[in-house]
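Numbering follows UniProt numbering, in which position 83 of the sequence shown is assigned residue number 83; successive positions increment by one, without gaps.
To start, the structure itself, in structure tokens.
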Amino acid sequence: MRTILVVQGKGGGPKTATVRNLAVAAAVAGRRVGTLDTDPQGSLTHWHGLRPADAAPIIHEQRPLGAVTERPTPHGLDLLVIDTPTAVENFPQATALLFDCADLVLVPVRPGPEDLVSMQAMLPYLRARRRPLRLLLSQVVPRLRETADARAIVSAMGAVAPVEIPQLQEVPRSFIAGLGTAEIPGTRTGPLFRDLWLHLSAAMEG
């Protein structure tokens, strides 16, 4: 089983949207997928409860980060995607367990000054964990100058996923439907999340 840990230093970002859409992309590709919601807000758990009966199967568990006392080792899965709250450093023992079991750490970053400053502050912590890391530009508006500036800044921070997720209403709308955009025909972000999954899968296998 492979494990992807999704973390983010600043609240209000696309962390849970990334988790659910990445999990769906892997499930649609035929992988046996599970999600773990360690955020007390429980947004991922709420989404999972909305999933239609005929949607791609995803096994789900909710366990607040403060209650994580051992490495998650669910059986029968190809992939586990873990959602986390902000300020994971406030739970050092539980967070260490999650980092230790992660084959890859994925960090969604919005191209705004607050998010970039937060990411800069979080980098020493992430690097100290010594796990393979990918940064993902998300909620981007492609033609804005701020997006181009963010690309340059994020590229200097570490390895960046070769996919950018645009800011489109289809992403929050898919949450309400209990789906990922890879399950909805005609979406623009569905193919992007599938490409993201293929990149991360290859990175973990390599």
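For every residue, glycine included, the Cβ atom is placed at its ideal position computed from N, Cα and C.
| Asked | Found |
| --- | --- |
| Can you check which of these residues, G76, T69, V28, V107, is closest to I4 by C-alpha distance? | V107 |
| From A182 to E89, what distance separates their C-alpha atoms? | 32 Å |
| Is it true that the segment 134-146 meets the segment 107-121, where meeting means three or more beta-carbon pairs spaced less than 8 Å apart? | yes |
| From I165 to P14, what does the alpha carbon distance come to, in whole angstroms? | 10 Å |
| From F99 to L44, what does the alpha carbon distance come to, in whole angstroms? | 20 Å |
| Using the beta-carbon count (16 or more within 10 Å), is A152 buried or exposed? | exposed |
| Which runs of the alpha helix (DSSP H), 4 residues or longer, sit entirely within the segment 126-196? | 145-155, 170-176 |
| Across the segment 75-91 and the segment 17-32, are there enough close Cβ pairs to call them in contact, namely three or more that are closer than 8 Å? | yes |
| In chain order, which beta strand (DSSP E) runs of at least 3 residues are fully inside the segment 51-89? | 58-62, 79-83 |
| In three-state DSSP terms, what is D115? | helix |
| Across the segment 40-58 and the segment 115-135, are there enough close Cβ pairs to call them in contact, namely three or more that are closer than 8 Å? | no |
| Excluding five sequence neighbours on each side, which residues of the same chain lie with their C-beta closer than 7 Å to the C-beta of Q62? | D37, G42, T45 |
| From L116, W47, R32, A25, pick the residue whose C-alpha is nearest to that of A156; which is it? | L116 |
| Which value, in whole angstroms, describes the spacing of the CA atoms of G158 and M119? | 11 Å |
| How is T95 classed by DSSP in three states: helix, strand or coil? | helix |
| Which of the three DSSP states, helix, strand or coil, is assigned to T3? | strand |
| So for T38, helix, strand or coil by DSSP? | coil |
| In three-state terms, what does DSSP make of P14? | coil |
| Throw me the rounded Cβ distance for the P132 and A203 pair, which I believe falls under 8 Å. | 7 Å |
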